[in-house]
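**Student:** In my numbering, the protein residues as written are 32 to 454. Even glycine gets a Cβ: it sits at the ideal position worked out from N, Cα and C. In this text, all values refer to a predicted model and were calculated from it rather than measured experimentally.
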């Protein structure tokens, strides 16, 4: 039990002033909003901790079970396929039956996925394990909508902070996930790794119980009957276009560089422990800024913070190209995580400005379908790109999406300035 205890000690090192500021701010939300945001943040922490365990062990189990070792990373890639596949249907389902129903269904998928993977290890069945990974991805796809639910129970001014606070739950995952993976790897000996998937089941089951306390008002009968604008009209909005490009850019650069980093570090002669250290700091970079990102957006504006995210990506690519020391990998992945945080929270905030309650199902569903569809492609491509063309090519490949969101942000800023009448 030393792993979880050590993780708890690290978690308590988050400065109390930051935590108090975050909790005080939630009182700016409508009645019940503070409680709902806390439940959503805690539920995402449980989900992301399960995902963090999968990041640590999925490829290793795939290699253990696959006859063709070239397929070792296929189960992990199928997680992104699962996330993409469920995005649109679950969004429309929640539009009809409410957030709590959809989120509970997603957490139950996580429980079922963990059970399937335990059986797969017991039977030594690679394809059953791959199915479990796809269902884990589907559960994660449902959890991606927690950020939108937090925005819906918050005042307009507090929405970016609510989204940010929910994603702050990922800090718990960055600390606890690797520790729980190490603690549970031999839990069900002689079936190595099976214990990890029992923990995945337990985390998702805890989320099922926690989500029952969620109280988000469903749409009224009139709102459910109203279809709103056609989807084609929604997606033509400049803010919607930029939110989609921002989400795609944030994830594509992050997935390409992060996925290839351990491969590059081992190829450069660094120890596995060094690679694990770098990835853990990358995860902290992804989620720790969430305690303040919403405040920064409220203070400086969403587009300015997204511009900073692009600058972080540029710093990441430049640092990786500058050298192959552990310090280069560490600093680059830290910048990569923070850049992802600024761009993803900024893009999510922009998206909430583009639809009415009656339109949110199709608007949010299409956004996540497009974003995670591209992520699935990038997850497949990163390893191949590194294997064929090398580490430098992986980083140079990140320039295109970074430039795409930079151009999109400049375009949106110009569009908004042109829309403001001269005084």
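Do you know whose CA, among 403, 326, 363, lies nearest residue 380's CA?
**Tutor:** Checked all of 403, 326, 363; the closest Cα to residue 380 is 326.
**Student:** With residue 215 and residue 172 assumed to form a contact (beta carbons below 8 Å), what rounded beta-carbon distance in angstroms separates them?
**Tutor:** Not a contact, Cβ separation roughly 24 Å.
**Student:** Touching or not, the segment 158-171 and the segment 418-434, by the rule of three or more beta carbon pairs under 8 Å?
**Tutor:** Segments in contact, no.
**Student:** For residue 86, does the count of other Cβ atoms within 10 angstroms reach 16, so buried, or fall short, so exposed?
**Tutor:** Per the 10 Å Cβ criterion, buried.
**Student:** With DSSP as the reference, label residue 176 as helix, strand or coil.
**Tutor:** If DSSP states are grouped into helix, strand and coil, residue 176 belongs with coil.
**Student:** Apart from the five residues just before and just after residue 237, which ones in its own chain have a Cβ nearer than 6 Å to its Cβ?
**Tutor:** Same-chain partners within the cutoff: 77.
**Student:** Return helix, strand or coil for residue 244, following the three-state DSSP convention.
**Tutor:** Three-state result, residue 244: coil.
**Student:** Please report the distance separating the alpha-carbon of residue 100 from that of residue 294.
**Tutor:** Near 15 Å, if we compare the C-alpha coordinates of residue 294 and residue 100.
**Student:** If you follow the alpha helix (DSSP H) that residue 133 is part of, which residue opens it and which one closes it?
**Tutor:** That run of the alpha helix (DSSP H) goes 130-154.
**Student:** Taking 8 Å as the limit between beta carbons, can you name the residues of its chain near residue 30, skipping five residues before and five after?
**Tutor:** The chain is shown from 32 up to 454; residue 30 falls before or after that span and cannot be answered.
**Student:** Is the CB-CB distance between residue 440 and residue 337 below 9 Å?
**Tutor:** Against a cut-off of 9 Å, the Cβ pair of residue 337 and residue 440 comes out as a contact.
**Student:** Which value, in whole angstroms, describes the spacing of the CA atoms of residue 168 and residue 451?
**Tutor:** Roughly 42 Å between the two C-alpha positions.
**Student:** From 438, 222, 375, 80, pick the residue whose C-alpha is nearest to that of residue 154; which is it?
**Tutor:** Ranking the options by Cα distance to residue 154, first place goes to 222.
**Student:** Is the distance from the Cβ of residue 205 to the Cβ of residue 363 below 9 Å?
**Tutor:** Against a cut-off of 9 Å, the Cβ pair of residue 363 and residue 205 comes out as no contact.
**Student:** Going by beta carbon distance, what residues of the same chain come within less than 6 Å of residue 130, once the five residues before and after it are set aside?
**Tutor:** Answer for residue 130: 180, 247, listed in chain order.
**Student:** Give me, in chain order, the residues of the same chain whose beta-carbon lies closer than 7 Å to that of residue 200; leave out the 5 immediate sequence neighbours on both sides.
**Tutor:** Closer than 7 Å at the Cβ level, and outside the excluded window around residue 200, lie 72, 73, 75, 76, 79.
**Student:** Hey, residue 107 and residue 81: beta-carbon distance below 9 Å or not?
**Tutor:** Taking 9 Å as the Cβ cut-off, residue 107 and residue 81 do not qualify as a contacting pair.
**Student:** How far does the alpha helix (DSSP H) with residue 78 in it extend, from its first residue to its last?
**Tutor:** Its alpha helix (DSSP H) spans residues 64-96.
**Student:** On the CB-based measure, 16 or more other CB atoms within 10 Å of its CB, does residue 302 come out buried or exposed?
**Tutor:** It counts as exposed.
**Student:** One question on the structure: do residue 202 and residue 375 come within less than 9 Å of each other, judged by their Cβ atoms?
**Tutor:** It is not a contact, given that the beta carbons lie outside the stated cut-off.
**Student:** Using a Cβ-Cβ cut-off of 8 Å (strictly less than) and excluding sequence neighbours within five positions of residue 62, which residues of its own chain qualify?
**Tutor:** Note on residue 62: pLDDT 48, under 50, position unreliable in the model; the coordinate value appears next. Nothing meets the Cβ criterion.
**Student:** Figure out for me which residue from 313, 291, 403 has the closest Cα to the Cα of residue 420.
**Tutor:** Taking only the C-alpha atoms, the option nearest residue 420 is 291.
**Student:** Out of 408, 388, 438, 424, which has the shortest C-alpha to C-alpha gap to residue 122?
**Tutor:** For the residues 408, 388, 438, 424, the minimum Cα distance to residue 122 belongs to 388.
**Student:** Rounding to the nearest angstrom, what Cα-Cα distance links residue 188 and residue 151 in this structure?
**Tutor:** About 47 Å.
**Student:** Please report how far the alpha carbon of residue 83 lies from the alpha carbon of residue 449, in whole angstroms.
**Tutor:** Cα to Cα, the separation comes out at about 44 Å.
**Student:** Please confirm if the segment 267-274 is in contact with the segment 344-357, defined as three or more CB-CB distances below 8 Å between the two stretches.
**Tutor:** The answer is no - the segment 344-357 does not touch the segment 267-274, with fewer than three Cβ pairs under 8 Å.
**Student:** Of the residues 241, 261, 371, 404, which one's Cα is nearest the Cα of residue 314?
**Tutor:** The option with the nearest alpha carbon to residue 314 is 371.
**Student:** Report yes if the CB atom of residue 367 is closer than 9 Å to the CB atom of residue 285, and no otherwise.
**Tutor:** The answer is yes: Cβ separation under 9 Å.
**Student:** With DSSP as the reference, label residue 342 as helix, strand or coil.
**Tutor:** Helix, per DSSP.
**Student:** So residue 395 and residue 176 are in contact, right, with Cβ under 8 Å, and what is the actual spacing, rounded?
**Tutor:** Rounded, the Cβ-Cβ distance is 7 Å, consistent with contact.
**Student:** Pick out whichever of 213, 345, 433, 390 has its Cα sitting closest to the Cα of residue 126.
**Tutor:** Checked all of 213, 345, 433, 390; the closest Cα to residue 126 is 390.
**Student:** What three-state label does DSSP hand residue 305 in the structure shown?
**Tutor:** In this structure, residue 305 counts as helix in the three-state DSSP scheme.
**Student:** Can you say whether residue 300 is buried or exposed, counting buried as having 16 or more other CB atoms within 10 angstroms of its CB?
**Tutor:** Exposed: under 16 other Cβ atoms inside 10 Å.
**Student:** Give me the residue from 438, 144, 102 with the minimum Cα distance to residue 1.
**Tutor:** In the structure displayed, the chain extends from 32 to 454; residue 1 sits before or after that span and is not available.
**Student:** How big is the Cα-Cα spacing for residue 316 and residue 197?
**Tutor:** Their backbone Cα atoms lie some 15 Å apart in a straight line.
**Student:** Reducing DSSP to helix, strand and coil, say where residue 224 ends up.
**Tutor:** In this structure, residue 224 counts as coil in the three-state DSSP scheme.
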